[in-house]
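K.L.:
Under UniProt numbering, the first residue of the sequence shown is numbered 1, with each subsequent residue one higher. From the three backbone atoms N, C-alpha and C, an ideal C-beta is built for every residue, glycine too. Just so it is clear, the structure is predicted and the values come from calculations on it, not from any experiment.
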Amino acid sequence: EKRPVITDLPADRKDDPKVGKLPSCCRNGTILPGLMDKSQSQSIFQLQVFKLPPDDNRTALTPPQKWKINGALNPSYKCGPPIRIDPTQFPDPSGLQATSASVASWQVVCNITKPAVPRCCVSFSAYYSDSVVPCSTCACGCKITETGKCSPREPAMLLPAEALLVPFANRTEKAKAWAKIKHYDVPKKLPCPDNCGVSLNWHIDSDYSNGWTARLTLFNWGNDPFQDWYTAVKMNKAYEDYENVYSFNGTRMEKEVKSTIMFTGLKGLNYLIGIKNGTDPEKNPMVPGKQQSMISFKKKHFHNIDIKGGEGFPTRVLFNGEECAIPKRFPKNNAQHLNSNALMVLCIAILTFLFMTDRFH
Ligand SMILES: *[C@@H]1O[C@H](CO)[C@@H](O)[C@H](O)[C@H]1NC(C)=O
Ligand SMILES: *[C@@H]1O[C@H](CO)[C@@H](O)[C@H](O)[C@H]1NC(C)=O
Ligand SMILES: *[C@@H]1O[C@H](CO)[C@@H](O)[C@H](O)[C@H]1NC(C)=O
Ligand SMILES: *[C@@H]1O[C@H](CO)[C@@H](O)[C@H](O)[C@H]1NC(C)=O
Ligand SMILES: *[C@@H]1O[C@H](CO)[C@@H](O)[C@H](O)[C@H]1NC(C)=O
Ligand SMILES: *[C@@H]1O[C@H](CO)[C@@H](O)[C@H](O)[C@H]1NC(C)=O
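1) Is Cys-110 buried or exposed, if buried means 16 or more other CB atoms sit within 10 Å of its CB?
2) Using a Cβ-Cβ cutoff of less than 6 Å, which residues in the same chain neighbour Ile-69 once the five nearest sequence positions on both sides are dropped?
3) Hey, which unbroken runs of the beta strand (DSSP E) at 3 residues or more fall wholly within the segment 173-227?
4) Considering only heavy atoms of ligand 1 and the C-beta of each residue, which residues fall inside 6 Å, strictly closer?
5) In whole angstroms, what is the alpha-carbon distance linking His-361 and Asn-334?
6) If contacts are defined as beta-carbon pairs under 8 Å, then Trp-229 and Leu-218 qualify, I think. What distance do you get, rounded to the angstrom?
7) Compute every distance between the C-beta of Lys-283 and the non-hydrogen atoms of ligand 6, then say whether any falls below 8 Å.
8) Along the chain, where does the beta strand (DSSP E) containing Glu-243 start, and where does it finish?
9) The beta strand (DSSP E) that contains Thr-260, what's its start and end?
10) Identify whether Gly-309 lies in helix, strand or coil by the three-state DSSP scheme.
11) Report the partner residues of Ile-295 according to the DSSP bridge assignment.
12) How far does the alpha helix (DSSP H) with Ile-83 in it reach, from first residue to last?
13) Which residue's Cα is closest to the Cα of Met-294: Asp-205, Ser-259, Asn-210?
14) I'd like the list of long-range same chain contacts for Gly-20, defined as Cβ closer than 8 Å, with 5 residues on each side in sequence excluded.
15) What separation, rounded to the nearest whole angstrom, lies between the Cα atoms of Ser-102 and Ile-6?
16) Quick check: is any heavy atom of ligand 3 less than 8 Å from the C-beta of Asn-111?
17) What residue range is occupied by the uninterrupted alpha helix (DSSP H) comprising Ile-144?
18) Can you say whether Ser-259 is buried or exposed, counting buried as having 16 or more other CB atoms within 10 angstroms of its CB?
19) Report all residues from its chain with a CB closer than 6 Å to the CB of Ala-104; omit the five preceding and five following residues, and keep chain order.
20) If contact is defined by three or more beta carbon pairs under 8 Å, each pair taking one atom from either stretch, is the segment 311-328 in contact with the segment 132-141?
21) DSSP beta-bridge partners for Val-133?
22) Grab me the residues of Leu-338's own chain with a C-beta within less than 7 Å of its C-beta, minus the 5 sequence neighbours each way, in chain order.
23) Taking the continuous beta strand (DSSP E) assigned at Val-233, which residues delimit it?
24) State the CB to CB distance for the pair Lys-117 and Gly-141, rounded to an integer number of angstroms; the pair is presumed to be in contact (CB under 8 Å).
25) Quick one: Cα of Ser-131 to Cα of Ser-125, how far?
26) Using the three-state DSSP reduction, which class does Gln-89 fall into: helix, strand or coil?
27) Specify, as a first and last residue, the run of the beta strand (DSSP E) that Ala-101 falls within.
28) Does the separation of the CB atoms of residue 363 and Lys-290 fall below 9 Å?
29) Could you check where the beta strand (DSSP E) with Phe-319 kicks off and where it finishes?
30) What is the residue span of the beta strand (DSSP E) that Lys-78 lies within?
31) Candidates Pro-75, Pro-23, Pro-314: which alpha carbon is nearest Tyr-242's?
32) Classify Lys-2 as helix, strand or coil using the three-state DSSP reduction.
33) Helix or strand or just coil, what does DSSP make of Arg-58?
34) Pick from Phe-248, Lys-182, Gln-89, Pro-54: whose alpha carbon is nearest that of Gly-268?
35) I'd like to confirm something about Ala-60: is its beta-carbon nearer than 8 Å to some heavy atom of ligand 2, or not?
36) Taking 8 Å as the cut-off, is the C-beta of Asn-170 nearer than that to any heavy atom in ligand 6?
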């Protein structure tokens, strides 16, 4: 083959006498970040290479050029040329306790490239606000055919919390009803959907004098499940005071990525299932796959952290290595309306008082 396609073997070939029986073999095309699980961060397979005349000098080796990685989830990588490195050591295939060195080794470095549009997005919500800031309009792109029917420029409509649980198509009625109750404007042409296969909700759950909590929920709106999902959250100020996560496995990425916490599923909860039909498909909307955990923070380093001002929200979020779109606004404090109302009453009271005192002169 001049342009061979090499595919990693599925897990059931692990003990195959012909192609298996290699350490780290047969990972079905999935490797995890070393930070998450070193033992699953490499995949090995063996293939036989033959030489065709006139290129039959056994010691003149040329490695294959122009590598390319095709992935289902993270499809875009850019690879450099193979670079000669020291021969790789590997356990002897005979099974004896010995290591062999390869005849020659090359290294090909492939970097993930940023896709033109993200594939995941984030919504923000908080206990002090009854309106949710959903994923941005067209966060993961909009098709031209779609934009005739909706506006790609109109900001996403604020939602009641329960609307986050249903597919975008079923939110419209809820969003309109909510706008009516809350006296929000309803644009003539409604905003387009976010079109993201995965969304994450960051909810500020509480804020005390010595700490605060957030709840992170992952939604899978696609049909395919994610096994061994992982998500990374950059927190800036709040990072220093990250305390614990309860239903996920959380790791501080001290050196690797600044101010970032990585979350993975605990054993048995590392599977984010796909969307499925509601109990009665006629009456109930479809149900996305979900994973959720509480996360607690202290206020040791930043006692005055302004949670209501937005400092409790992440500044970057990644899902399975890909950067997710983040909203451009924060949930508004309900009390702000009350405050301005109270101020208005006070003003009127003072004015009335002024008018009254005027009369006495
Ligand atoms: C292996 O990968 C294929 C293609 O990505 C997927 O459809 C299949 O479910 C995977 N099998 C296992 C056992 O994970
Ligand atoms: C085979 O290749 C090696 C390394 O490039 C070279 O030193 C050697 O002379 C070649 N042998 C023949 C017979 O061409
Ligand atoms: C991959 O990233 C590294 C580090 O940023 C850089 O040095 C290298 O040139 C990149 N390689 C390619 C093929 O883009
Ligand atoms: C959490 O992750 C660490 C590092 O990958 C791992 O050693 C540990 O077993 C995990 N804990 C659970 C409960 O899954
Ligand atoms: C989901 O509901 C639709 C419409 O009722 C039906 O066609 C489809 O087969 C259902 N899918 C599953 C997996 O039950
Ligand atoms: C949800 O939206 C889809 C697409 O518009 C529609 O077919 C379905 O009937 C809606 N489901 C409910 C329960 O409203």
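P.N.:
Walking through what the data contain:
1) exposed
2) Tyr-77, Cys-110
3) 198-207, 211-220
4) Residues flagged by the Cβ proximity filter: Pro-10, Ala-11, Asn-28, Gly-29, Ala-72.
5) A caution first: His-361 carries a pLDDT of 49, below 50, which makes its placement in the model unreliable, though a value can still be read off. Their Cα atoms are separated by approximately 42 Å.
6) 7 Å
7) yes
8) 242-245
9) 260-265
10) Residue state for Gly-309 is assigned as helix, using DSSP reduced to three classes.
11) Bridge partners of Ile-295: Ala-214, Val-245.
12) No alpha helix (DSSP H) contains Ile-83, which is instead part of the beta strand (DSSP E) from 83-85.
13) Asp-205
14) Leu-9, Arg-13, Lys-14, Cys-26
15) Their Cα atoms are separated by approximately 20 Å.
16) yes
17) 144-147
18) buried
19) Leu-61
20) yes
21) Phe-124
22) Note on Leu-338: pLDDT 49, under 50, position unreliable in the model; no value is reported.
23) 230-234
24) Sequence inspection shows Val at residue 117; the Lys mentioned does not correspond to that position. Yes, Val-117 and Gly-141 are in contact; Cβ-Cβ is about 4 Å, under 8 Å.
25) 7 Å
26) strand
27) 99-101
28) In the structure displayed, the chain extends from 1 to 361; residue 363 sits before or after that span and is not available.
29) 316-319
30) 77-79
31) Pro-314
32) coil
33) coil
34) Phe-248
35) yes
36) yes
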